Amino acid sequence: MFKLSPWDILATKEDLKMLLEFMEKRFEAVDKRFEDVNKRFEAVDKRFEDMNKRFEDLTHYIDRRVGLVEKLLIGFNVPILIAIITILVRMIIF
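Under my numbering, the first residue of the sequence shown carries the number 715, and numbering increases by one thereafter.
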């Protein structure tokens, strides 16, 4: 089979048909493998999309929590800063 080639002088029509059928089967097998690989890549892409969505949800949740903590820190620091400023003003004036 491997020694048979289309340009071989001794090749008959049946030999050439058999060779073409063999090549067609090989291409079909390769196509099937590529389809399987494409399906696997699609599955991986879907998983990454799910992971990206989870990370986006997580970052949104963390941003909300950090924003709340920042507001609390500012809320606690403002009275302390006002107290320090009033103490400094009293020290300078008196």
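For every residue, glycine included, the Cβ atom is placed at its ideal position computed from N, Cα and C.
The structure presented is a predicted model; accordingly, all values stated were derived computationally and were not measured.
Backbone secondary structure at residue i - three-state DSSP
{"i": "Thr726", "result": "coil"}
{"i": "Phe769", "result": "helix"}
{"i": "Met715", "result": "Because the pLDDT at Met715 is just 47, under 50, the model does not fix this residue reliably, and the value given afterwards should be weighed accordingly. The answer is coil: DSSP assigns Met715 none of H, G, I, E or B."}
{"i": "Val748", "result": "Per the sequence presented here, residue 748 reads as Phe, with Val not at that position. DSSP places Phe748 in helix when its eight states are reduced to three."}
{"i": "Phe808", "result": "coil"}
Residue i, buried or exposed, once every other Cβ within 10 Å from all chains shown has been counted against 16
{"i": "Thr726", "result": "exposed"}
{"i": "Met715", "result": "Here the model assigns Met715 a pLDDT of 47, short of 50, so the residue's position is not dependable, and the following value carries that caveat. With fewer than 16 Cβ atoms within 10 Å of its Cβ, Met715 is classed as exposed."}
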